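What follows is a short report on a single structure.
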Amino acid sequence: MKFLLTLVCLALYVAHSQAQNVCVGRPVFQVCTGGRDEGNNNIFTCRFTAMNEMWWYESGARRCNRMSYRGCGGNNNRYCSQADCQQKCRR
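Below, the structure is given as structure tokens:
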């Protein structure tokens with residue numbers, strides 16, 4: 001019984017750890033152009049399917065800026081973290 005409980009706890013820990021690495025709302029193909037586009041929340045599920053805080057690259061200033069993503073739509077200039085944005089766009 002203790003073995004089973006330990007196994008279940010381990011499985012939950014692994015699942016939780018993997019979920020922390022998921023970024024909902026990340027475009028499949030990210031680009032460093034296109035400006036800021038917060039998307040929309042016209043569909044009820046949009047409000048719950050994305051991270052509120054995301055980042056976009058401002059090519060003229062060569063910097064990554066924070067924005068509030070609404071959950072649906074938007075362009076492909078959208079990143080899950082400032083570090084991710086800087087790594088892909090500031091070359």
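The sequence shown lines up with residues 1 to 91 when you count with UniProt numbering.
Even glycine gets a Cβ: it sits at the ideal position worked out from N, Cα and C.
Every value quoted in this text rests on a predicted model; they were computed, and no experiment measured them.
- Just checking my contact of M1 with R36 at CB under 8 Å: how many whole Å lie between their CB atoms? At roughly 55 Å, the Cβ-Cβ gap does not stay under 8 Å, so M1 and R36 are not in contact.
- Just mark R47 as buried or exposed, buried being the case when its beta carbon has 16 or more other beta carbons within 10 Å. exposed
- G25: which of S59, K88, Q87 and M51 sits nearest, CA to CA? M51
- Starting from the Cα of N42, find the closest Cα among G34, G73, D84 and Y57 and give me that residue. G73
- Over what stretch of residues does the beta strand (DSSP E) that includes C32 continue unbroken? Looking at the DSSP string, C32 is not in any beta strand (DSSP E), and its letter there is neither H nor E.
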